[in-house]
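First the structure, in the form of structure tokens, and then the observations on it.
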DNA sequence: ACAAGATTGTTTACCTAGGCAACAATCTTG
DNA sequence: CAAGATTGTTGCCTAGGTAAACAATCTTGT
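Protein chains in written order, with my numbering: chain U, 1 to 153; chain Z, 1001 to 1153.
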């Protein structure tokens, strides 16, 4: 059992969460917060990449040349949010905006060679982090959990 | 199946998410975002209560008289974040700050009678919402998913 | 052909949720 | 009783996201 802040838990009858503990959303939220913190302490601390940025990077890497609008669609966020993200990743030297030959309004997003190199490193860190985070689960349990989660979206 | 934006998915080779699809954190994040949106469209739209506020309400309701500091501990957020939340819930007339007889620095947080009434209504809405959200899962699958999630935190 | 309309990236303003640091008032303890 | 810890609060900051407006540029209906 983790000893996060169990100090005060036996002082006053075990602080209850009420009927929420029956709800899927409650546990989903807690698990996600835990996952985010775990990610932050390893990957974000080491590489300065948040889960959100990592997602963007991977989508750009595996769909080379896509436009910002399309990236926004895939990530299900507003086009205006993409601008900041692309700026950040560009400033880090990981990706570049390449002018489109056929549409002067839009860019093709691509990894830089430096970015490709960095992504390989980050990928490893994320994979390690993910295994660490799910260390309490057997490989079967982990796959089962993933398949159940997929059914929710 | 939801038809969120499947329109463009067959246009250009099915937009890949890369190796992320093997990661638990990725699916956890997506599921949580989906859960949040579902919650927002039903409970938040109807009652003006976000998942975060609902959590606070339930902890206050089932631990009547707890202090703001203790609430912060339980919810694992900073004390200063609690101030805003308590203000919001107080302005909505759902809870009240009650002066402590033994410690003039701190308050006992309690539901108002109006708040208790509202919570019963909100609880129902949340329970309904949660069942709807997990409609794709059998009762067994749902319980299994919850127990797997618990093992992550 | 070309006017009307749609799309792309961008800026600006705004919101939420949270952390961190400082602070006065108030306990607690050596 | 002095020194230290705790409580609630404020102000400032960041991350992430939305919504509306805009100029530049495509696309389309006629």
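Each residue gets a CB set at the ideal place from its N, CA and C atoms; glycine is no exception.
Check: Reference residue 43 of chain U; option with closest CA among U/142, U/72, U/93 and U/128; Outcome: U/128
Check: Close Cβ partners of residue 1059 of chain Z (< 6 Å) along its chain, the five nearest in sequence each way excluded; Outcome: 1074
Check: Any chain U beta carbon closer than 7 Å to residue 1140 of chain Z; Outcome: no
Check: Status (buried if at least 16 other CB within 10 Å, exposed otherwise) for residue 29 of chain U; Outcome: buried
Check: C-beta atoms of residue 954 of chain Z and residue 54 of chain U nearer than 7 Å; Outcome: Outside the displayed range of chain Z (1001 to 1153) lies residue 954 of chain Z, so it cannot be described from this structure.
Check: Per DSSP, cross-strand counterpart(s) of residue 107 of chain U; Outcome: U/99
Check: Residue 117 of chain U and residue 95 of chain U closer than 7 Å at C-beta; Outcome: no
Check: Cβ of residue 1132 of chain Z within 7 Å of any chain U Cβ; Outcome: no
Check: For residue 8 of chain U, the three-state DSSP class (helix, strand or coil); Outcome: Confidence is the limiting factor: at residue 8 of chain U the pLDDT is only 38, short of 50, which leaves the residue's position unreliable and the question unanswerable from this model.
Check: Amino acids of chain U, ordered along the chain, whose beta-carbon sits closer than 8 Å to that of residue 1136 of chain Z; Outcome: 151 and 152
Check: Residue burial classification, residue 1063 of chain Z (beta-carbon count within 10 angstroms, cutoff 16); Outcome: buried
Check: Partners in chain Z for residue 83 of chain U, counting only beta-carbon separations shorter than 7 Å; Outcome: The contacting residues do not exist; residue 83 of chain U stays about 20 Å from chain Z at best.
Check: Residues that residue 1109 of chain Z contacts on chain U, provided the C-beta gap is smaller than 9 Å; Outcome: Within chain U, no residue comes near residue 1109 of chain Z; the closest Cβ sits about 13 Å away, beyond 9 Å.
Check: Residues of the stretch 50-74 of chain U with Cβ closer than 7 Å to any Cβ of chain Z, in chain order; Outcome: 51, 55, 58, 59, 61, 62, 63, 73 and 74
Check: CA-to-CA distance, residue 1051 of chain Z to residue 1136 of chain Z, given in whole angstroms; Outcome: 21 Å
Check: Burial state of residue 86 of chain U, where buried means 16 or more other Cβ atoms lie within 10 Å; Outcome: buried
Check: Straight-line Cα distance separating residue 1045 of chain Z from residue 1111 of chain Z; Outcome: 22 Å
Check: Closest Cα partner of residue 1146 of chain Z within the set U/24, U/93 and U/20; Outcome: U/24
Check: DSSP three-state assignment for residue 1063 of chain Z, whether helix, strand or coil; Outcome: coil
Check: Proximity below 7 Å, CB of residue 66 of chain U to CB of residue 1027 of chain Z; Outcome: no
Check: Residue 122 of chain U in three-state terms, based on DSSP; Outcome: helix
Check: CA-to-CA distance, residue 104 of chain U to residue 1078 of chain Z, given in whole angstroms; Outcome: 48 Å
Check: Best match in Z/1020, Z/1130, Z/1016 and Z/1049 for proximity to residue 1092 of chain Z [C-alpha to C-alpha]; Outcome: Z/1049
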